[in-house]
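Chemist:
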Amino acid sequence: MDEVLEREKKEEFDASEVEYVSYGGEHHLPLIMNLVDQELSEPYSIFTYRYFVYLWPQLSFLAFHKGKCVGTVVCKMGDHRNSTFRGYIAMLVVIKPYRGRGIATELVTRSIQVMMESGCEEVTLEAEVTNKGALALYGRLGFIRAKRLFHYYLNGVDAFRLKLLFPQPELHPSLPMMADRDDAQERDDC
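With the first letter of the sequence shown counted as 1, position 57 gets the number 57 in UniProt numbering; the numbers rise by one all the way through.
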């Protein structure tokens, strides 16, 4: 019981003490596996972890506080149904004493930035409908609920598929025209 209370207790620290690093190889894999196994409801095999971190190491990040791994994000990207280049957030974990401090936001933001720079048009993920913290986090980051997936998880809980769409100016011909219209208005005002 005391051990559970100790793990639940908020850790006191300054946000500047948290170090974020990209996946750096095999020595990081057990850290990621341990966090995910402790905190997420779905069991994953080592092959699942390796699939993500070996093919897309640039999309996985870890957060450390005083040498202790306190959070991680694991992602991938690729073509979706031959029409959309999509990023996917597979796993996000921050251990309980470190939650609510912006660590998850920073981890996800770093992955999304790499996805955007790599040409992704959107990012998706699934979150348990009961995971209020995750739903709030992704909502703050601009994700929308695209679909409800009934009995998605092994524990029988439903999931929301969440989606973040990136602006695509070339798909919106009115955007350049708006800029041209503003330029024309300025010339008329002179």
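Note that the Cβ used here is the ideal one computed from N, Cα and C, for glycine as well. Every value quoted in this text rests on a predicted model; they were computed, and no experiment measured them.
Using three-state DSSP, classify R187 as helix, strand or coil.
Modeler: As a working mapping, residue 187 is identified with position 187 in the sequence shown. In this predicted model, R187 has a pLDDT of only 44, less than 50, meaning its place in the structure is not dependable; the value taken from the coordinates is given anyway. Three-state result, R187: helix.
Chemist: Which word fits A127, buried or exposed, when buried means at least 16 other C-beta atoms lie within 10 angstroms of its C-beta?
Modeler: Working through the sequence shown from its first residue, we reach residue 127 at position 127. Flag for A127 reads buried.
Chemist: Applying the 10 Å Cβ sphere with the 16-neighbour rule, what's the burial state of G67?
Modeler: On the sequence shown, position 67 is the one that residue 67 refers to. Its Cβ having fewer than 16 others within 10 Å, G67 is exposed.
Chemist: Taking the DSSP output, what are the residues bridged to I89?
Modeler: Mapped onto the sequence shown, residue 89 falls at position 89. Beta-bridge pairing links I89 to C75.
Chemist: Could you tell me which residues DSSP pairs with E19 in its beta bridges?
Modeler: Stepping through the sequence shown from its first residue, residue 19 is reached at position 19. Paired residues: F64.
Chemist: Evaluate S60 with the Cβ neighbour count: other Cβ atoms within 10 Å of its Cβ, from every protein chain shown; 16 or more gives buried, anything less gives exposed.
Modeler: In the sequence shown, residue 60 corresponds to position 60, counting from 1. Classification of S60: buried, given that the 10 Å Cβ count is 16 or more.
Chemist: Return the chain-ordered ranges of every alpha helix (DSSP H) run that is complete within the region 31-62 and spans a minimum of 4 residues.
Modeler: Whole alpha helix (DSSP H) segments, 4+ residues: 46-55.
Chemist: With DSSP collapsed to three states, give me the class of V70.
Modeler: Walking along the sequence shown from the start, residue 70 turns up at place 70. Of the three classes helix, strand and coil, the one that applies to V70 here is strand, per DSSP.
Chemist: Under a three-way DSSP split, which group does D182 fall into?
Modeler: Start at 1 with the first residue of the sequence shown, and residue 182 comes out as number 182. In this predicted model, D182 has a pLDDT of only 46, less than 50, meaning its place in the structure is not dependable enough to derive any value.
Chemist: For V157, does the three-state DSSP call read helix, strand or coil?
Modeler: To locate residue 157, count along the sequence shown from 1; it is residue 157. Correct three-state label for V157: coil.
Chemist: To which residues of the same chain is L125 closer than 6 angstroms at the C-beta, ignoring the five residues directly before and after it?
Modeler: Locating residue 125 in the sequence shown gives position 125, counting from the first residue. I89 and L162, listed in sequence order.
Chemist: Measuring straight from C-alpha to C-alpha, what distance separates V129 and L92?
Modeler: Against the sequence shown, residue 129 aligns to sequence position 129. Against the sequence shown, residue 92 aligns to sequence position 92. Between V129 and L92, the C-alpha separation is close to 15 angstroms.
Chemist: Would you tell me roughly how many angstroms separate the C-alpha atoms of L165 and L137, rounded to the nearest one?
Modeler: In the sequence shown, the residue the question calls residue 165 occupies position 165. In the sequence shown, the residue the question calls residue 137 occupies position 137. For L165 and L137, the distance between alpha carbons rounds to 16 angstroms.
Chemist: Sorted by chain position, which residues of the same chain lie with C-beta nearer than 8 angstroms to V36's C-beta, five sequence neighbours on each side aside?
Modeler: By one-based count along the sequence shown, residue 36 stands at place 36. Y44, Y49, T72, V74, M91 and V93, listed in sequence order.
Chemist: Could you name the residues of the same chain whose beta carbon sits closer than 8 angstroms to that of Q168, not counting the 5 residues immediately before and after it, in chain order?
Modeler: Position 168 of the sequence shown holds residue 168. Correct list, in chain order: E121.
Chemist: With DSSP as the reference, label I112 as helix, strand or coil.
Modeler: Here residue 112 is taken as the residue at index 112 of the sequence shown, counted from 1. I112: helix per DSSP, three-state reduction.
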